[in-house]
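Asks: First the structure, which I've put down as structure tokens, then a few questions once you've had a look.
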Amino acid sequence: MLGFVGFAAFLFLLFHFHRRSRYYRNPLFPDWPLFGMLPPLLKNLWQIHDFTTQVLQRNCGTGNFLGPWFTGMHYLATCDPMNVHHILSKNFPNYIKGLKFREIFEPFGDAILTTDSDAWKYHRTLFHSLFKTKGFALLLKKTVRKKVEKSLFLVLDHVEREGIEVDLQAMFNRFNFDIVCSNVLGYDPQSFAIDFPKVACETAFTEVEESLFLRHTVPKSIWKLQSWLQIGPEKKMTRACEVLDRFLYESIATKRENLAKDNVEKDEENDDLLTCLMRKEEGKEHASDKFLRDTAYNLFLAGRGTITSALTWFFWLVAKHSSVEEKILQEIKQEKEEEKDQVYLHAALCEAMRLYPPIPFEWKQAIKNDILPSGHEVGAGTLMILSLYAMGRCEETWGKDCLEFKPERWISERGSIVPIPSYKFISFNSGPRTCMGKDLSFIQMKMVASSILRNYQIHVAEDHPIYPSFSIMLLMKYGLKVRITKKAARKNE
Ligand code: HEM
Numbered sequence: 001m002l003g004f005v006g007f008a009a010f011l012f013l014l015f016h017f018h019r020r021s022r023y024y025r026n027p028l029f030p031d032w033p034l035f036g037m038l039p040p041l042l043k044n045l046w047q048i049h050d051f052t053t054q055v056l057q058r059n060c061g062t063g064n065f066l067g068p069w070f071t072g073m074h075y076l077a078t079c080d081p082m083n084v085h086h087i088l089s090k091n092f093p094n095y096i097k098g099l100k101f102r103e104i105f106e107p108f109g110d111a112i113l114t115t116d117s118d119a120w121k122y123h124r125t126l127f128h129s130l131f132k133t134k135g136f137a138l139l140l141k142k143t144v145r146k147k148v149e150k151s152l153f154l155v156l157d158h159v160e161r162e163g164i165e166v167d168l169q170a171m172f173n174r175f176n177f178d179i180v181c182s183n184v185l186g187y188d189p190q191s192f193a194i195d196f197p198k199v200a201c202e203t204a205f206t207e208v209e210e211s212l213f214l215r216h217t218v219p220k221s222i223w224k225l226q227s228w229l230q231i232g233p234e235k236k237m238t239r240a241c242e243v244l245d246r247f248l249y250e251s252i253a254t255k256r257e258n259l260a261k262d263n264v265e266k267d268e269e270n271d272d273l274l275t276c277l278m279r280k281e282e283g284k285e286h287a288s289d290k291f292l293r294d295t296a297y298n299l300f301l302a303g304r305g306t307i308t309s310a311l312t313w314f315f316w317l318v319a320k321h322s323s324v325e326e327k328i329l330q331e332i333k334q335e336k337e338e339e340k341d342q343v344y345l346h347a348a349l350c351e352a353m354r355l356y357p358p359i360p361f362e363w364k365q366a367i368k369n370d371i372l373p374s375g376h377e378v379g380a381g382t383l384m385i386l387s388l389y390a391m392g393r394c395e396e397t398w399g400k401d402c403l404e405f406k407p408e409r410w411i412s413e414r415g416s417i418v419p420i421p422s423y424k425f426i427s428f429n430s431g432p433r434t435c436m437g438k439d440l441s442f443i444q445m446k447m448v449a450s451s452i453l454r455n456y457q458i459h460v461a462e463d464h465p466i467y468p469s470f471s472i473m474l475l476m477k478y479g480l481k482v483r484i485t486k487k488a489a490r491k492n493e
């Protein structure tokens, strides 16, 4: 009897294996019995983006990843620009975020980053109307200038005076958190200060992003079980979400009270985004606190970690390439302080984001069967992973020196920025869902980068380990530890 059961189980597993290998052609690595392709992924989790890049390159840019048997964990991963162009633009209606995405990213709520079709269109139009006012770009500049003068210089002067090491990434995280709070909620929580005060909601934002990344690396049944039992990363995420929700709902309640009490006049140049949003959506049926919470949270997600990541990798690369720093300083000395004139600085930021895209991968789900330009078949419901990180390191697109940090590749003979199609320089996404904050990001990053480089010298701590964190944002796992000295310009202040 036992022998029969064993034989039947063997036949069943053989049939399953045969079906898997026939159905999912182009595997990225060997498909182990029972464990599938999960073991090499977990082994290389510490260098996941470089590992994915190597594996995709070995497979001509596209292939299937299959998780343990019977878990349904399956992704079609690609870094081929033509496939990406097809998915994000040419056949855009067929590739959505989908229900599985919303399930994993459920803390993000229902707003622009998670919705599809009509709901997404509604949010996109709403965001467009919020960002397009001239007043918003002016408000951002004013907020950043004030923060640089009142906090950034104060903190950096303190670090230099005390001769201590500081984590530049943690600094940018706090700096950006205060900026986003000011722009979205209309108040500055002062998380960026000399004593680095503990600000629970600031930490909570980072913790949610880290836990969400881990949901991608294990079968759904595992993280669902962890969530149900409230153990491991899921427990951390539940706590972080509670902190975050309390913070956002309290801000909404205060804003509602103020708006009702003061009967304040509209002020296009000073109104924060939540105030504008409440005015715009007033009286509409869907404009509940949950709607406002989700929209505000999506603004935080879009604008905080992304800029922290971009600035951190940028400063690390510049510290390692003194000739790049000299050229940026020359540009600043030529009085090119208007952001639009800072061509070399722009090129250096693009180059940093090519090598280290703040959002290293994106996720889509196919609605109907399709064939990618590379010839790979996509079944209805397939989950697609687009590796933006691998795309920035593609030799066919960027040339043999693709791993080198060379801002010059972005500058034409006439001295302007070389236009590169967004499906090749993918860091701000491409197609109808292109990033809506690209121009605003460059304004903020250039203001911060030029203020620091003009006044301070950054020395990266020797032997400091640089690895990506396990997060949906490309941050540094151990931060960026630096020492700071003042330059002549600042010594005279
Ligand atoms: C260095 C900074 C930034 C980078 C690299 C970046 C990159 C991206 C990427 C890759 C996406 C697509 C995400 C996805 O579909 O999963 C995206 C979407 C978006 N970004 Fe950015 N972003 C940056 C800053 C900002 C800022 C500061 C804002 C707002 C002020 C912003 C607003 C948005 C919005 C609203 C979307 C959603 C677009 C849509 O789905 O229609 N981003 N961004």
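First residue of the sequence shown: 1, per the numbering used here; consecutive thereafter.
The beta carbon of each residue, even a glycine, is placed where N, CA and C say it ideally should be.
Since the model is a prediction, treat every value here as computed from it, not as a measurement.
From the DSSP output, read off the bridge partner residues of VAL378.
Replies: Answer is ASP370.
Asks: Note down, in chain order, each residue of its chain lying with its Cβ closer than 6 Å to the Cβ of THR308, except the 5 sequence neighbours on either side.
Replies: Excluding sequence neighbours, THR308 sits near PHE172, ASN173, ASN176.
Asks: Once you ignore the five residues that flank HIS459 on each side, which residues in its own chain have a CB closer than 8 Å to its CB?
Replies: Closer than 8 Å at Cβ, skipping near neighbours: ALA319, VAL482, ARG483, ILE484, THR485.
Asks: Looking at the secondary structure, which residues open and close the alpha helix (DSSP H) in which ASN183 lies?
Replies: Looking at the DSSP string, the run of the alpha helix (DSSP H) that includes ASN183 is 168-185.
Asks: Would you kindly work out how many angstroms separate the C-alpha atoms of ARG279 and GLY61, rounded to a whole number?
Replies: Their backbone Cα atoms lie some 47 Å apart in a straight line.
Asks: Grab me the residues of ILE472's own chain with a C-beta within less than 6 Å of its C-beta, minus the 5 sequence neighbours each way, in chain order.
Replies: Result list for ILE472: GLU209, LEU212, PHE213, in chain order.
Asks: Can you have a look at ILE371 and say buried or exposed, based on whether 16 or more other CB atoms are within 10 angstroms of its CB?
Replies: Under this definition ILE371 is an exposed residue.
Asks: Could you compute how far the alpha carbon of TYR344 sits from the alpha carbon of ASP439?
Replies: If you take the alpha carbons of TYR344 and ASP439, they lie about 16 Å apart.
Asks: What span of residues does the beta strand (DSSP E) with ILE484 cover, start to end?
Replies: Note, ILE484: beta strand (DSSP E), 481-486.
Asks: Output the distance between the C-alpha atoms of MET447 and THR133, rounded to the nearest integer angstrom.
Replies: When rounded, the distance between both Cα atoms is 20 Å.
Asks: Along the chain, where does the beta strand (DSSP E) containing SER387 start, and where does it finish?
Replies: Element bounds for SER387: 383-387.
Asks: What does DSSP give as the partner residue(s) for GLU362 in the beta ladder?
Replies: According to DSSP, GLU362 bridges with LEU386.
Asks: Assign PRO33 to one of three DSSP states: helix, strand, or coil.
Replies: Looking at PRO33 - three-state DSSP - the assignment turns out to be coil, as it is neither helix nor strand.
Asks: Can you round the beta-carbon distance between ILE426 and VAL84 to whole angstroms, since I take them to be within the 8 Å contact cut?
Replies: Indeed they touch by this definition, with Cβ atoms about 6 Å apart.
Asks: Between the beta-carbon of GLY392 and the beta-carbon of PRO357, is there less than 8 Å?
Replies: In contact: GLY392 and PRO357 (Cβ atoms closer than 8 Å).
Asks: Please classify GLY498: is it buried, with 16 or more other beta-carbons within 10 angstroms of its beta-carbon, or exposed?
Replies: No statement about residue 498 is possible, as the shown extent of the chain runs from 1 to 493 and does not include it.
Asks: Please give the ranges of any alpha helix (DSSP H) in the stretch 231-263, keeping only runs that are unbroken, at least 4 residues long and fully inside the region.
Replies: DSSP runs (the alpha helix (DSSP H)) wholly in the stretch 231-263: 232-262.
Asks: Just to confirm the assignment, what range does the alpha helix (DSSP H) spanning TYR356 have?
Replies: TYR356 -> no alpha helix (DSSP H), and no H or E assigned at all.
Asks: Which of the three DSSP states, helix, strand or coil, is assigned to VAL324?
Replies: Helix at VAL324.
Asks: So what does DSSP say about PHE425, is it helix, strand or coil?
Replies: Looking at PHE425 - three-state DSSP - the assignment turns out to be coil, as it is neither helix nor strand.
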